[in-house]
Structures are given as C-alpha cells and as structure tokens.
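**Student:**
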Amino acid sequence: MQTNNELIKIFHGPQHPGITGNMSVELDLLGETIKGARTHVGYLHRGFEKLIERRTIIQAFTIVCRICVPEPDPNEENFARAVENLADIEISQRAKYIRVMVLEMARLGALFLWMGGQSGSIGLGTIGQWSVHDRDLILDLFEELTGGRVYHMYIYPGGVRRELPNGFLDRLSQLLDYLESRLPLYDNVFFDNSSFKKRAIGIGVVDANEALKNGYVGQVLRGCGIKRDVRKDNPYLVYDQLDFEIPTFEGGDVYARAMVRRGEIRESIKILRQVIKQMPEDGLIMQKIPKHRKFKLKKDDTFVATESARGEFAYYMAGDGTEKIRRMQVKGPSLIHGFTLLEKLLIDEELSNVAMIMNSLGICPPEMER
Amino acid sequence: MIESLKQQYNIEQKESRLFKLIIKKEEFLKTLSFISSSSNFITLSQIACADWIEDEIFKLNYILTTKERDKNLMIELEIPREESKLPTLLNFFPQAEVMERDLHEMYGIEFIGNPTLYDFALENWKEIPPMRREFDTLAYVNEHFDFRKGREDNRDVKVEIKRRRAEAKRLKNANK
Amino acid sequence: MNTKLDIKGTISPFNAITKLFEHPNTICYPSVKKEIPKGYRGFHTNTLTDCIGCANCQDVCMNEAIDMIPIEEDKNPKNSSGCIPRIDYGRCCWCSLCTDVCPPSSLKLEEDCIWANDNSNNFLYMPKDK
Ligand code: SF4
Ligand code: SF4
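Chains as they are written, first to last, in my numbering: chain A, 182 to 551; chain B, 14 to 189; chain C, 4 to 133.
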C-alpha cells in the first residue's frame, strides 16, 4: 500500500475498448508509466470443465466450441481427437482433409479479425472495417457448410457432421483468390504503415532466451525467431502431407508478431489451395459411433494439442469407463501469456500501449477461466 | 533423449509422441528437477488434475514438453484428497504460478512455497472448491437461480406411454 | 528511436483513399435481405405426422430446452406417448443434436431465424408443423 500517493492504481478493463475480452488488468501507474500489473479474470467464468463432467460425451461436444469465440474449431478438433483416442475411433482420410480445411478457414478468419483488433488498438479503424468484412465472407462459407456462422459445431468425434455442399470447393477457391487480391492493400495501409511501425517496433519485447522454457506458444515464439508450430512439430490430421512454411520474424516485439501473422495468412491460403486440390473424392465423413447413452470412454487419459491462430490449445482428457468424461482440462495460449508474460511485459511500458500489447499476445479470457 | 530417460525410469509409451511416467508423491521434486534439468523436456505445459473421489485421491498429471515441442511426457502422481499438499514448482517453471493458483482455487490443493495463491477466477468464494466432485453444481444452481416460468406442463414420456396403454386397454375391455 | 524518414511507409497508407469511391460492401437491411443458405440452423420444424413422441430429443438436449407437451389432435397413430416437443428458445443453442437423434427425422431446423420479442418468457416455441 502506497501512502505517499506516488503511484495511481487504475483498472484497465473489464469495460474498456482496448481490452481483449471480459478481463481486466490492474495497473500501478507512475505518471504514464506502468510500474506494476496484475491480471484479473473471472468475469467470464462459465464453468465449462465442471459442466462437462455432468454431461454425456455428445452433450459435452456442444460446449467446447464456446471456449474461443473468434476461432472455435481448434477446440472442437481437440475434443474430437481426445475422444477418438479414448474410444479407439479412426477417422477417414476425407474427414481429415475436411477438418484441416475447416481449421485453416477458421485460422484465416481469426487472423483477419486480429488484424482489425490490432489496427484498432492503435487507432487505425479503417483496416478493421475492411478486415471484418473479409472475415464475413469466410463466415458466409461456414454458414453454408456447417449451418452456423460463429459456433460451427461441425468437427465431431468420429469425423465431421455434414457433407460438403455442391460446388463448395469452387466457391472456397474463388474466395481465396479474392482474399489474396486484398493482401497488398493491407500491406500498404497496415503492415508497411510508418505510423504502425513507429508505434510497434521495440514495444512489448519478449526475451527469446527464456521463451521456450517458460512455455510461450504461437506467434510469441515465432516472433522471437523460434520456429515452433504444433502443425509441424507434432503433426495431427494430415498436416504432415501438406507443404507449408512456418513464418518467423526476429525482434520479439509487437511488430514482429504482426509480421509473423502476415506470413501466416499467406501460408493458410497456400494450405487451403492444397487441400482443395488433394481432397479425396469419397470416404465416410462420419464413422459409426455408438448411440447417445451407449458412447463410453475407456478408463485412460490422453493429451492432445492443436495449433490455433493464437498458439497451442492443449487438452488433457481422462475417461473412467462410463458415458461421461471424468475430466477435461483446457490449456489455451492465454493462460501463460495473460498472466506470467503480460504482467512482466507491461512493466515500464506506457499506458497507451497496453491494448496494443494485449492484442498482439492474443490474450483472450475464456480459456483462462474455462 | 527419451531413450536415456527410459533407462532410468519406467516410462510407458502411450502414442507415438506421448509418454507417461507414474511416480510416487515422495519422488516428485527429485524427478521433476532431474528431468527438467538433464533432459530436453524443459517446459511445463500443463498441470492437469482429475478427481477420483471413489479412490479418495487426486491424480495430477504434470505434462512436460520438449524443447523441440515434439514430444509430451505426462508425469502422474497421486495425492490424497483430504489435506492435499504439494511443493510448488515455481523455482523450475515460472508458468507454474498461475497453474497452481488455478488448481488451488478449483480443488483446494495447497502448493507449499507459492506466494500467489490468491483468488483466480472466483471472488470471495466461501463454499468447497468447485471442481471437487462432491460440489453439486445442480444443487447450487437450484439454490441460487430461478427457472423460467411457464414450463411446468412438461410431461414425463414414460409415464405418459404407460397411462395411454392402460387407457387403451380399458377401452378395449369396455368394448368387449 | 528511428528518426529516418520512411517515405514508402508514409505515402502508401494513402492508398486507402481510393476505397472512398467504391461501392460499399454493406447491404441496406431490411429492404435488402441477405440470402440465407440452405441448411442454416434456424428455428425448429416438426412433421407431426411422423413424430413418434419418443423424447429422444429431450434426452439429448443438454440445455434442457425441450419440454414434451401433450398433443391437441393426434396426427400420427404411432405416437405412443401423445406428446410432442416444445422448445425454450431462451435456452436452445441451436446445436441441432436433437434433429440428429430423432428416429423418424421429423424434427428439423429451417432457414428462418429472426424473432424479436420484448419478454424473454415468450421464447417458448412450438415447432412449426411441416
Ligand atoms: S421430434 Fe423426433 S426425437 Fe423428438 S419426440 Fe418426436 S420423434 Fe422423438
Ligand atoms: S438444438 Fe440443441 S439446444 Fe436446441 S433444442 Fe435441440 S438439442 Fe437442445
């Protein structure tokens, strides 16, 4: 407790346009400079992990997508893969390709949304309007494929829930052409913008030496020049049969992470093009799975991970031989980024950079408090 | 690298890139400090806890990941459910801070040596830690929240089928 | 701090001005409506001549959104319980699991999805008979 009124304490969030979701950061300020930071979550606690223990597997499936709003599919994929591990289900090659397609479309959508958020956090609102529109076109395709725009509930233990609509791959490939034609515009107005560079270079620098040991994931690592990506290191589905690069950038600052994401948009488009080309013509999209109350997991546990647009999502799942899941524990990228890393990075930064740093770390509260 | 660990410990391979090691509670600190310092499993990626209430234990899984991020090792140990205590891993992994805080709040596990075990997601929580299996979510909800009115006319289908069968039988008998 | 003048980075953002003269991408709702694709997960429909009143849909619904209500007029002689589902749209999350488990596939989701009401108690919905 300060008695000489040197430091001012303010709460950045939960109602603040610059905060990424319903959370808050408690800041100790000396003038404009942050001297202490503590993350608070709990405004979005919905008790998913507890609810899942009360539900059958099929019922639990509808809840996992709600763990990440901009990109629900990695969660569905994790859940489905963990259940398949514990129930010994092998899915078809075609279902794997469809899943990769959905995951990459979701990644593209999330990256476009991030572009809006990141540019909005430094006051470049125009880019947000464009990129959210472009994301909407991806959502339109999702709507056609899955029947929902945001929560797709599509990747299901045993495969995927619906067959591709007629001509879907053609429309996807047209959309990719369109999105690719938009990328130079974003380069001009956002990534090359001198005002963005002035704001972002040298801000929020992550120490590359301790990044691996401290368990940072995703763009935070790749922005330090460390090439790590679950899709390459621990490949799932058919990622080992696809040809793509992992973009990296030196510097470890907000700008480096932005440039990594810029590369990732291009890589995602590349992956999607290959998927369209290699998609098997036939194959069961859905394996035969037991009926609702007869679907049981064996008594065992497993650990699965999926790369999302913000880093690694990892699930621990334990079954106990009944139709309910004994335990499912979620670890999203924000758990470490939002506490250990953010609290460290914010020290000696300016108040106006908080929103920018949080956005570039991709911090999102639902996966911290589950 | 996993080969040399396999000689020392009884490591079971679960999947192509997932390994499991079951240890005793007493060996916990020794094993973790050894593996994290002398193998390439340098990162703690998750502390997963499952409540096995019928056996009166918590099963904790410390999931370590290699430097290359290509293999995961689950280190499993059991601790009693009552007065559950474990030493903190804060000295090895700074990220353990928030994971332990989470488990402390959700299961009531005491991590000795972690000074940051304050509120995580719940504020002023007075009841038993919510992720313990004896905490009844439904009872809590029924006590604290109201249900929407107008749904009382819901029928139990099994009862309804029985009733209709009996009625049909009665009609049939009456017609005879 | 880098004080060198970044000419390209200063000029290129003005590219955005060209977008001023383009046709906007937004549509003029409600006079123009977006086309909703087939297979969208909107409101429920229930073919009453097929529904057998088995309550499978009620069993699978994890939100407990479904009530089984006595039917007014028997349309399907095979309906052994004489009940049909009614859905609480304050609870439903449109996961469409109920339509997946329906044995005669009588319960379906239609494309229509717009409903506004000022009282949340009015969200009890009887699926349309289709
Ligand atoms: S809608 Fe389908 S699942 Fe529900 S009671 Fe009727 S037949 Fe059974
Ligand atoms: S769509 Fe899902 S939430 Fe809605 S009534 Fe059917 S099962 Fe329940």
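Idealized CB from N, CA, C, for every residue including glycine.
Tell me, please, whether the CB atom of Asn167(B) is closer than 8 Å to any CB atom in chain C?
**Tutor:** Yes, Asn167(B) lies at the interface with chain C (some Cβ there is under 8 Å from its Cβ).
**Student:** Should Ile239(A) be listed as close to ligand 1, given that the test is whether its C-beta is under 7 Å from any heavy atom?
**Tutor:** No - ligand 1 has no heavy atom lying nearer than 7 Å to the Cβ of Ile239(A).
**Student:** Closer than 7 Å: is that where the CB of Trp118(C) sits relative to any heavy atom of ligand 2?
**Tutor:** Every heavy atom of ligand 2 is 7 Å or more from the Cβ of Trp118(C), so no.
**Student:** Output the boundary residues of the alpha helix (DSSP H) element that contains His117(B).
**Tutor:** Counting along the chain, the alpha helix (DSSP H) containing His117(B) begins and ends at 109-120.
**Student:** Sorted by chain position, which residues of the same chain lie with C-beta nearer than 6 Å to Gln196(A)'s C-beta, five sequence neighbours on each side aside?
**Tutor:** Once the five neighbours on either side are set aside, Gln196(A) has no close Cβ partner at all.
**Student:** Hey, is Pro73(C) close to ligand 1, as in C-beta under 7 Å from one of its heavy atoms?
**Tutor:** No, since every heavy atom of ligand 1 falls outside the 7 Å radius drawn around the Cβ of Pro73(C).
**Student:** For Asn74(B), which of Asp434(A), Leu267(A), Leu526(A), Tyr497(A) has the nearest alpha-carbon?
**Tutor:** The candidate whose alpha carbon is nearest that of Asn74(B) is Tyr497(A).
**Student:** Using three-state DSSP, classify Met553(A) as helix, strand or coil.
**Tutor:** There is simply no residue 553(A) to check, as chain A begins at 182 and stops at 551 in what is shown.
**Student:** DSSP on Trp295(A), reduced to helix/strand/coil?
**Tutor:** Helix at Trp295(A).
**Student:** Kindly list, in the order they appear in chain A, the residues whose Cβ is closer than 9 Å to that of Val111(B).
**Tutor:** In chain order: Thr220, Leu516, Ile517, Gly519, Phe520, Thr521, Met549.
**Student:** Could you tell me if Asp529(A) is buried or exposed, where buried requires 16 or more neighbouring beta carbons within 10 angstroms of its beta carbon?
**Tutor:** Asp529(A) comes out exposed.
**Student:** Could you check what DSSP says for Thr78(B) in three-state terms: helix, strand or coil?
**Tutor:** Strand.
**Student:** Thinking C-beta only, is Leu465(A) closer than 8 Å to Lys277(A)?
**Tutor:** Not a contact, by the Cβ cut-off of 8 Å.
**Student:** Taking the continuous alpha helix (DSSP H) assigned at His314(A), which residues delimit it?
**Tutor:** First-last of the alpha helix (DSSP H) with His314(A): 306-327.
**Student:** Using a cut-off of 8 Å between C-beta atoms, extract the partners of Asn124(C) located in chain B.
**Tutor:** Under the 8 Å cutoff, chain B gives Arg161, Lys162, Gly163.
**Student:** Leaving out the 5 sequence neighbours to the left and right, which residues in its chain are closer than 7 Å to Cys405(A) when beta-carbon positions are compared?
**Tutor:** Counting only Cβ-Cβ distances below 7 Å, and skipping sequence neighbours, we find Val387, Ala389, Ala392, Gly433.
**Student:** Scan the stretch 88-112 of chain C for residues whose Cβ lies nearer than 7 Å to a Cβ of chain B and list them as they occur along the chain.
**Tutor:** Hits within the stretch, in order: Asp91, Gly93.
**Student:** Only counting the same chain, and skipping five residues up and downstream in sequence, which positions put a Cβ closer than 8 Å to that of Met182(A)?
**Tutor:** Bear in mind that a pLDDT of 48 at Met182(A), under 50, signals an unreliable position, so the model cannot answer this.
**Student:** With DSSP as the reference, label Glu180(B) as helix, strand or coil.
**Tutor:** It is helical.
**Student:** Can you check whether the C-beta of Lys78(C) is within less than 8 Å of a C-beta belonging to chain A?
**Tutor:** No, its Cβ sits nowhere closer than 8 Å to a Cβ of chain A.
**Student:** Over what stretch of residues does the alpha helix (DSSP H) that includes Ser362(A) continue unbroken?
**Tutor:** Counting along the chain, the alpha helix (DSSP H) containing Ser362(A) begins and ends at 349-367.
**Student:** If you draw a straight line from the alpha carbon of Glu493(A) to that of Ala486(A), how long is it in whole angstroms?
**Tutor:** Going by the C-alpha atoms only, they are around 6 Å apart.
**Student:** Suppose you measure from the CA of Met4(C) to the CA of Val435(A); what does that come to, to the nearest Å?
**Tutor:** With a pLDDT of 49 at Met4(C), under the threshold of 50, the modelled position of this residue cannot be trusted, and the question is left open.
**Student:** Determine the direct distance from the alpha carbon of Ile72(C) to that of Asn188(B), and round the result to whole angstroms.
**Tutor:** Cα to Cα, Asn188(B) sits roughly 29 Å from Ile72(C).
**Student:** If contacts are defined as beta-carbon pairs under 8 Å, then Asn395(A) and Pro142(B) qualify, I think. What distance do you get, rounded to the angstrom?
**Tutor:** No, Asn395(A) and Pro142(B) are not in contact; Cβ-Cβ is about 27 Å, not under 8 Å.
**Student:** Whole angstroms is fine: what's the gap from Leu208(A)'s alpha carbon to Leu45(B)'s?
**Tutor:** Using only the alpha carbons, I get a separation of about 35 Å.
**Student:** Report the neighbours of Val170(B) on chain C: residues whose CB is nearer than 8 Å to its CB, in chain order.
**Tutor:** Correct list: Gly56, Cys57, Ala58, Gln61, Met71, Ser84, Cys86.
**Student:** Please identify the residue among Ala58(C), Cys57(C), Cys64(C) whose C-alpha is closest to the C-alpha of Ile238(A).
**Tutor:** Of the listed residues, the one whose Cα sits closest to Ile238(A) is Cys64(C).
**Student:** Measuring from the CB of Cys101(C), is there a heavy atom of ligand 2 at a distance below 7 Å?
**Tutor:** Checking every heavy atom of ligand 2 against the Cβ of Cys101(C), one is found closer than 7 Å.
**Student:** From Ser362(A) to Arg447(A), what distance separates their C-alpha atoms?
**Tutor:** Distance between the alpha carbons of Ser362(A) and Arg447(A) is about 11 Å.
**Student:** Can you check whether the CB of Lys512(A) is closer than 8 Å to the CB of Ser58(B)?
**Tutor:** Yes.
**Student:** Please confirm whether any heavy atom of ligand 2 lies closer than 7 Å to the CB of Cys246(A).
**Tutor:** No, Cβ of Cys246(A) sits at least 7 Å from all heavy atoms of ligand 2.
**Student:** Helix, strand or coil for Pro107(C)? Go by DSSP, reduced to three states.
**Tutor:** Pro107(C): coil per DSSP, three-state reduction.
**Student:** Looking at chain A, which residues of the stretch 17-51 of chain C have a Cβ within less than 7 Å of any of its Cβ atoms?
**Tutor:** Within the stretch 17-51 of chain C, the residues whose Cβ lies closer than 7 Å to some Cβ of chain A are Asn18, Ala19, Asn28, Pro40, Gly42, Tyr43, Arg44, listed in chain order.
**Student:** Ligand 1 heavy atoms versus the CB of Pro106(C): any closer than 7 Å?
**Tutor:** Flag set: Cβ of Pro106(C) near ligand 1.
**Student:** Give the list of continuous alpha helix (DSSP H) stretches no shorter than 4 residues that lie fully inside the stretch 433-488 of chain A.
**Tutor:** The stretch 433-488 of chain A contains these whole alpha helix (DSSP H) runs: 435-459.
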